[in-house]
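Working notes, structure below.
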Amino acid sequence: MKPTTDAYEARLVARFRQGDARALETLFDRYVDRALGLAVRLTETREDAEEVTQEAFLRVFRQARQFRGDAPTFGPWLFAIVRNLAADKRRQLRLPTLSLSSLELSSAPADRSAEEEWQRHAERSALLNALDTLPEEWKVVLTLCDLEEVTHAEAAAALGKSVAATKSLLYRARRALRDRLRAYYEEAHDL
Amino acid sequence: MTCSENADRIGPYVDDDLPEETRQRTERHLLTCPHCAFEAETLRITRDRLRAGIGEEMASDALRSRLLTRLRADNPHLNTAEPENASQPYQLPIGF
Numbered sequence: 001m002k003p004t005t006d007a008y009e010a011r012l013v014a015r016f017r018q019g020d021a022r023a024l025e026t027l028f029d030r031y032v033d034r035a036l037g038l039a040v041r042l043t044e045t046r047e048d049a050e051e052v053t054q055e056a057f058l059r060v061f062r063q064a065r066q067f068r069g070d071a072p073t074f075g076p077w078l079f080a081i082v083r084n085l086a087a088d089k090r091r092q093l094r095l096p097t098l099s100l101s102s103l104e105l106s107s108a109p110a111d112r113s114a115e116e117e118w119q120r121h122a123e124r125s126a127l128l129n130a131l132d133t134l135p136e137e138w139k140v141v142l143t144l145c146d147l148e149e150v151t152h153a154e155a156a157a158a159l160g161k162s163v164a165a166t167k168s169l170l171y172r173a174r175r176a177l178r179d180r181l182r183a184y185y186e187e188a189h190d191l
Numbered sequence: 001m002t003c004s005e006n007a008d009r010i011g012p013y014v015d016d017d018l019p020e021e022t023r024q025r026t027e028r029h030l031l032t033c034p035h036c037a038f039e040a041e042t043l044r045i046t047r048d049r050l051r052a053g054i055g056e057e058m059a060s061d062a063l064r065s066r067l068l069t070r071l072r073a074d075n076p077h078l079n080t081a082e083p084e085n086a087s088q089p090y091q092l093p094i095g096f
């Protein structure tokens, strides 16, 4: 029978517990970008995101070391910790959600390539701003499923929901993001 | 199929996550209903823009190195003396 990714990662977790440094490095390499991606979407600054990512890895490996019996699936376990740590960070700052308004979009450049670059910049900014206005759970599901492209089952495990409920949440979140983007572009068009 | 029957199927349709028969029924409805077709197309564009427009976050080499150093220090049980043929992380089996 073909081994599953879950089974492969469970073996890596077991090897890590037995003292295999390469198992830790492999799990780290597989997940560091996705964990950072989720942390960036859920925190205020890059510095906070990196801090959350570091703490999440420290915790997941500490818990893996101490776990009795079958450990949870590594990815969703890590994502759930990132989510909790990011929520703690936001509570510390007393910032419910945030807006990325640091991009300077006040003047369009003259030449064509710079204009295209500016347009991409503006669209990215609109997307980030729209995403940041969504409730945290919607941001998590969009980040995991659409940005990081983790499976519905992994996202469901990270969210503590059934796969069906996670899909339903994803479609609602996409609709909300679509509506916010439409409002943004309609407003921009009226200016 | 009516628009209200179709409403809950548009999200899974966009993700190609419907059983074949339901997918075909949904598609037939979309071909005759501009409202639902617009809904499906704008959701598809939103998903694709999100995937392409923001891009993946990449941990810098400096961050990777810093985190790995911290993780190794936090896990003193690890055997850091590497065997000769083990300088790279494990590769995922083909197909993953």
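Going down the list, the protein sequences come from chains A and B. Using this note's numbering, the first residue of the first sequence is number 1, and each one after it goes up by one. Using this note's numbering, the first residue of the second sequence is number 1, and each one after it goes up by one. Built from N, CA and C at the ideal position, the CB exists for glycine as well. Predicted model only: the values in this text are computed from it and were never measured.
Exercise. Just how far apart, CA to CA, sit Val163 (chain A) and His152 (chain A)?
Worked result: Cα to Cα, the separation comes out at about 6 Å.
Exercise. Can you name the start and end residues of the alpha helix (DSSP H) that Gly37 (chain A) belongs to?
Worked result: Element bounds for Gly37 (chain A): 21 to 42.
Exercise. In or out: His121 (chain A) buried (at least 16 other Cβ within 10 Å) or exposed?
Worked result: Exposed, by the Cβ-count rule.
Exercise. Name the chain B residues that come within less than 9 Å of Gln54 (chain A), Cβ to Cβ?
Worked result: For Gln54 (chain A), the residues of chain B that pass the 9 Å Cβ criterion are Leu63, Arg66, Leu67, Arg70, Leu71, in the order they occur in the chain.
For this session: Count the other CB atoms, across all protein chains shown, that sit within 10 Å of the CB of Tyr185 (chain A); report buried if there are 16 or more and exposed otherwise.
Result: Result: exposed.
For this session: Please specify which runs of the alpha helix (DSSP H), each continuous and at least 4 residues long, are wholly inside the segment 114 to 155 of chain A, giving them in chain order.
Result: Every alpha helix (DSSP H) of 4 residues or more that sits fully in the segment 114 to 155 of chain A is shown, in chain order, as 136 to 142.
Exercise. Mind pulling the chain E residues with CB within less than 7 Å of Tyr184 (chain A)?
Worked result: The displayed structure is made up of protein chains A and B, and chain E is not among them.
Problem set entry | First and last residue of the uninterrupted alpha helix (DSSP H) at Ile10 (chain B) | Under the DSSP assignment, Ile10 (chain B) falls in the alpha helix (DSSP H) whose first and last residues are 3 to 14.
Exercise. Shortest alpha-carbon distance to Leu192 (chain A) belongs to which of A:Ala49, A:Phe67, A:Thr143, A:Gln119?
Worked result: Summary: the structure shown does not reach residue 192 (chain A), with chain A confined to residues 1 through 191, and so no result is reported for it.
For this session: Give the interface partners of Glu57 (chain B) over in chain A, defined as CB-CB distance under 7 Å, in chain order.
Result: Ordered by position in chain A, the residues that pass the 7 Å Cβ test against Glu57 (chain B) are Asp33, Leu36, Gly37, Val40.
Exercise. Buried or exposed: where does Leu31 (chain B) fall if 16 or more other Cβ atoms within 10 Å of its Cβ makes it buried?
Worked result: The Cβ neighbour count for Leu31 (chain B), taken over all protein chains shown within 10 Å, is under 16; the residue is labelled exposed.
For this session: Label His29 (chain B) either buried or exposed according to how many other C-beta atoms from any shown protein chain fall within 10 Å of its C-beta, with 16 as the threshold for buried.
Result: Using a 10 angstroms sphere on the CB of His29 (chain B), the tally of other CB atoms reaches 16 or more, which defines it as buried.
For this session: Please classify Gly160 (chain A): is it buried, with 16 or more other beta-carbons within 10 angstroms of its beta-carbon, or exposed?
Result: So Gly160 (chain A) ends up on the exposed side.
Exercise. When burial is assigned at 16 or more other CB atoms within 10 Å of the CB, is Asn79 (chain B) buried or exposed?
Worked result: Exposed.
Exercise. What first and last residue would you give for the alpha helix (DSSP H) that runs through Glu51 (chain A)?
Worked result: Element bounds for Glu51 (chain A): 46 to 66.
Exercise. Are any of the Cβ atoms in chain A nearer than 8 Å to that of His77 (chain B)?
Worked result: Judged by the 8 Å Cβ criterion, His77 (chain B) is in contact with chain A.
Problem set entry | Thr84 (chain A) in three-state terms, based on DSSP | Strictly speaking, residue 84 (chain A) in this sequence is Asn, with Thr absent from that position. Three-state DSSP puts Asn84 (chain A) in a helix.
Exercise. Does the count of Cβ pairs from the segment 138 to 151 of chain A and the segment 60 to 70 of chain A closer than 8 Å reach three?
Worked result: The segment 138 to 151 of chain A is not in contact with the segment 60 to 70 of chain A.
Exercise. From Ala40 (chain B) to Arg46 (chain A), what does the alpha carbon distance come to, in whole angstroms?
Worked result: Looking at the backbone, the Cα of Ala40 (chain B) and that of Arg46 (chain A) are separated by about 34 Å.
Exercise. Along chain A, in chain order, which residues have C-beta atoms closer than 7 Å to that of Thr46 (chain B)?
Worked result: Result: Arg174, Leu177, Arg178, Leu181.
Exercise. Which whole-angstrom value describes the C-beta separation of Glu25 (chain A) and Leu67 (chain B), a residue pair presumed to lie in contact below a C-beta threshold of 8 Å?
Worked result: The pair is not a contact, with the Cβ atoms about 11 Å apart (cut-off 8 Å).
For this session: Compile a chain-ordered list of the residues in the segment 117 to 137 of chain A whose CB is closer than 7 Å to at least one CB of chain B.
Result: Listed in chain order, the positions of the segment 117 to 137 of chain A with a beta carbon within less than 7 Å of a beta carbon of chain B are Glu123, Arg124, Leu127, Leu128.
Problem set entry | Closest residue to Glu51 (chain A) among A:Leu134, A:Ala87, A:Ser113 (Cα-Cα distance) | For the set A:Leu134, A:Ala87, A:Ser113, the Cα lying nearest the Cα of Glu51 (chain A) is the one of A:Ala87.
Problem set entry | Neighbourhood of Glu154 (chain A) by C-beta, 6 Å cutoff - its chain only, sequence neighbours within 5 removed | Once the five neighbours on either side are set aside, the close Cβ partners of Glu154 (chain A) are Gly75, Pro76.
Exercise. Looking at the unbroken alpha helix (DSSP H) that takes in Gln18 (chain A), where does it start and where does it end?
Worked result: Element bounds for Gln18 (chain A): n/a, residue is neither H nor E.
Problem set entry | Residue of A:Leu38, A:Gln119, A:Ala39, A:Leu12 minimising C-alpha distance to Thr73 (chain A) | With distances taken between Cα atoms, Thr73 (chain A) lies closest to A:Leu12.
Exercise. Below 8 Å between beta carbons: does that hold for Asp33 (chain A) and Ala59 (chain B)?
Worked result: If you check the CB distance, Asp33 (chain A) and Ala59 (chain B) come in under 8 Å.
Problem set entry | Residues from the segment 157 to 174 of chain A in contact with chain B, defined by Cβ distance under 9 Å | Listed in sequence order: Lys167, Ser168, Leu170, Tyr171, Arg172, Arg174.
For this session: For chain B, find out if any of its Cβ atoms is closer than 8 Å to the Cβ of Leu144 (chain A); answer yes or no.
Result: Taking Cβ atoms only, chain B never reaches closer than 8 Å to Leu144 (chain A), which makes this a no.
Exercise. Mind pulling the chain B residues with CB within less than 8 Å of Leu58 (chain A)?
Worked result: By Cβ distance, chain B contributes Arg70, Leu71, Asp74.
Problem set entry | Burial state of Ile81 (chain A) (16 or more Cβ within 10 Å) | Answer is buried; the Cβ neighbour count reaches 16.
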